[in-house]
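Report on the following structure.
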Amino acid sequence: MSQILLLVEQKENRRLLLEWLAVYYEVLLPNSGENSEKFLPFNQSFDLAIIDGLALKRHWQWVAAQKQAEHPVCLPFLLITSRSDVGMATQFIWQSIDDLIIAPIEKIELQARVEILLRSRQLSLTLKLSHDQLDRTLQTAQELNEMKTSLLYMIAHDVRNPLNFIIGTTQLLTQYKSKLTDEKTQELLDKTQAAAKGIDQLLDDVLLLGRVESGKTGFCLLPLDLATFCNELVEEFQSSLKLKPQTEPVTLIFVNHSPSAMACLEVSLLRRILGNLLSNAIKYSPPNTEVIFELKLTETEAIFSVQDAGIGIPVADQGRLFESFYRATNVGRIPGTGLGLSIVKKCVDLHGGEITLISEEGVGSIFTVTLPIDRKT
Ligand code: ATP
Ligand code: MG
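Right under this line is the structure:
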């Protein structure tokens with residue numbers, strides 16, 4: 520039922536209006552009833568107010584504030600005035616009032632005006648609702664668009680490294696075909712194949728991420744032997760470290776604190792989280808230092824930490840590291856696009872986990888990822 524507020528000081532008009540309107544609408548009267556001066560603050564919501572000249576004079580600021588608060592929805596005010604007072608209505612009054620009715624009031628005219636004004640309000644409410652819905656749809660579309668863009672960057676970012684490797688080895692194989700031993704040729708071919716598989720795996724991961732983010736798929740939480748998984752990952756990194764022409768490479772050490780390390784996690788997301796953290800730790804560490812990768816399992820969580828004795832991260836940069844493309848000010852000539860950690864953060868969020876960082880410039884960094892797990896022993 521529509522609610523009509525009566526702000527009418529003239530007693531007889533107020534009595535009449537109440538009698539006529541109460542049949543069809545819920546009529547609200549200010550608390551003091553007789554004394555409209557004391558009716559503020561009035562906090563109840565209403566669909567239409569009927570006001571007379573005296574009350575409008577007293578409360579014009581309140582009227583303007585109510586209309587402003589409901590904007591862009593129309594909150595109609597109907598003025599009751601005498602024929603002689605109409606001429607005194609100023610431009611200002613027409614900004615607060617939507618219609619007027621001349622006293623002595625006729626019942627049929629009152630009903631018609633009230634209905635028209637209530638319909639205007641109803642229409643504006645419907646319009647506002649559609650507008651809000653449109654806004655939400657637009658926002659979802661924008662979010663999807665941003666997600667697609669970031670996925671594209673992710674692909675470009677993670678495909679480039681193995682692709683450069685493939686280009687390099689195939690050039691090597693072409694140029695030095697006759698000079699390479701069979702053994703060396705086979706080694707290069709194996710590595711090329713591994714790099715191509717890595718790209719294939721990455722595309723699978725990206726497609727999975729896209730599906731998870733757009734809500735089209737649930738997680739594929741499979742029971743995983745975390746110790747074996749981490750060991751294999753570490754071996755992959757160690758063999759790529761051996762490839763580097765460094766005399767004193769970084770040493771990567773894996774420490775597992777859990778005798779039984781079975782847990783349900785999403786393998787491809789986990790690979791991207793740990794892979795990015797390990798590659799950062801190695802990349803930002805000087806030769807002949809250690810990177811320590813630790814795994815701890817509790818009943819409810821898997822905790823992974825990657826600690827290095829590298830260049831560290833200035834305090835001023837630490838808050839923004841998980842933003843796409845953000846790189847700390849002390850990276851110097853070390854290459855990178857600033858996307859790895861934003862990917863890590865996304866994967867951790869998708870898992871409902873958290874990532875923390877302790878770092879000191881020139882001393883080193885510890886990244887810790889805590890993921891909730893469905894423990895399988
Ligand atoms: P890429 O996109 O190739 O991974 P990146 O390594 O620069 O490039 P992120 O992995 O997102 O990008 O890391 C963001 C920034 O955080 C880095 O540029 C670096 O400044 C800082 N950073 C991350 N890990 C470490 C670390 N272990 N030690 C020191 N600085 C780090
Ligand atoms: Mg990185």
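Counting from 520, one number per residue, gives the positions in the sequence shown under our numbering. Here a beta-carbon is modelled for each residue, glycine too, at the ideal position from N, C-alpha and C.
Residue i Cβ short of 8 Å to the ligand ATP heavy atom set
| i | result |
| --- | --- |
| L682 | no |
| K802 | yes |
| D827 | yes |
| L858 | yes |
| A847 | yes |
| I830 | yes |
| S824 | no |
| G855 | yes |
| L925 | For residue 925 there is no data in the structure shown, the boundaries of the chain being 520 and 896. |
| H590 | no |
| D836 | yes |
| H676 | yes |
| S878 | yes |
| S521 | no |
| S861 | yes |
Cβ-heavy atom distance, residue i to the ligand MG, below 8 Å
| i | result |
| --- | --- |
| N795 | yes |
| G851 | no |
| N799 | yes |
| G717 | no |
Buried versus exposed call for residue i [16 or more other C-beta atoms within 10 Å across all chains shown]
| i | result |
| --- | --- |
| I686 | exposed |
| L646 | exposed |
| P595 | buried |
| R852 | exposed |
| A541 | exposed |
| M520 | exposed |
| H650 | exposed |
| D654 | exposed |
| H461 | This structure cannot speak to residue 461, because the chain is shown only from 520 to 896. |
| L525 | buried |
| R638 | exposed |
| T896 | Note that T896 scores 47 on pLDDT, short of 50, meaning its location in the model is unreliable and no value can be drawn from it. |
| G717 | buried |
| I791 | The sequence as given places Arg at residue 791; Ile does not occur at that position. Under this definition R791 is a buried residue. |
| V774 | exposed |
| D868 | exposed |
| S878 | buried |
| K698 | exposed |
| T600 | buried |
| G831 | buried |
| C739 | exposed |
| Q580 | exposed |
| A821 | buried |
| R602 | exposed |
| E818 | exposed |
| S804 | buried |
| P549 | buried |
| L816 | buried |
| T889 | buried |
| V605 | exposed |
| Q585 | buried |
| A568 | buried |
beta-carbon residue i near the ligand MN non-hydrogen atom, thresh 8 Å
| i | result |
| --- | --- |
| F886 | Because the ligand MN does not appear in the structure shown, any question about it cannot be addressed here, the ligands present being the ligand ATP and the ligand MG. |
* Does the region 822–833 touch the region 878–889, meaning 3 or more C-beta pairs lie closer than 8 Å? -> The region 878–889 and the region 822–833 touch, with no fewer than 3 CB-CB distances between them shorter than 8 Å.
* Asked: Taking only runs of the beta strand (DSSP E) that begin and end inside the region 734–822, which ones reach a length of at least 3 residues, in chain order?
  -> Unbroken beta strand (DSSP E) stretches of 3 residues or longer found wholly inside the region 734–822: 741–744, 770–775, 781–784, 809–816, given in chain order.
* Asked: Which runs of the beta strand (DSSP E), 3 residues or longer, sit entirely within the region 529–608?
  -> Qualifying beta strand (DSSP E) stretches, in chain order: 545–547, 567–571, 596–601.
* Asked: For the 8 Å Cβ check, are there 3 or more pairs between the region 746–763 and the region 840–854?
  -> No, they do not touch.
* Is the region 670–681 close to the region 622–632, with three or more CB pairs under 8 Å? -> Not touching, per the Cβ criterion.
* To do: Evaluate contact between the region 675–689 and the region 702–714, counting only Cβ atoms and requiring at least three cross-stretch pairs below 8 Å.
  => Segments in contact, yes.
* Are there three or more Cβ pairs, one per stretch, closer than 8 Å when the region 657–666 is compared with the region 609–624? -> Segments in contact, no.
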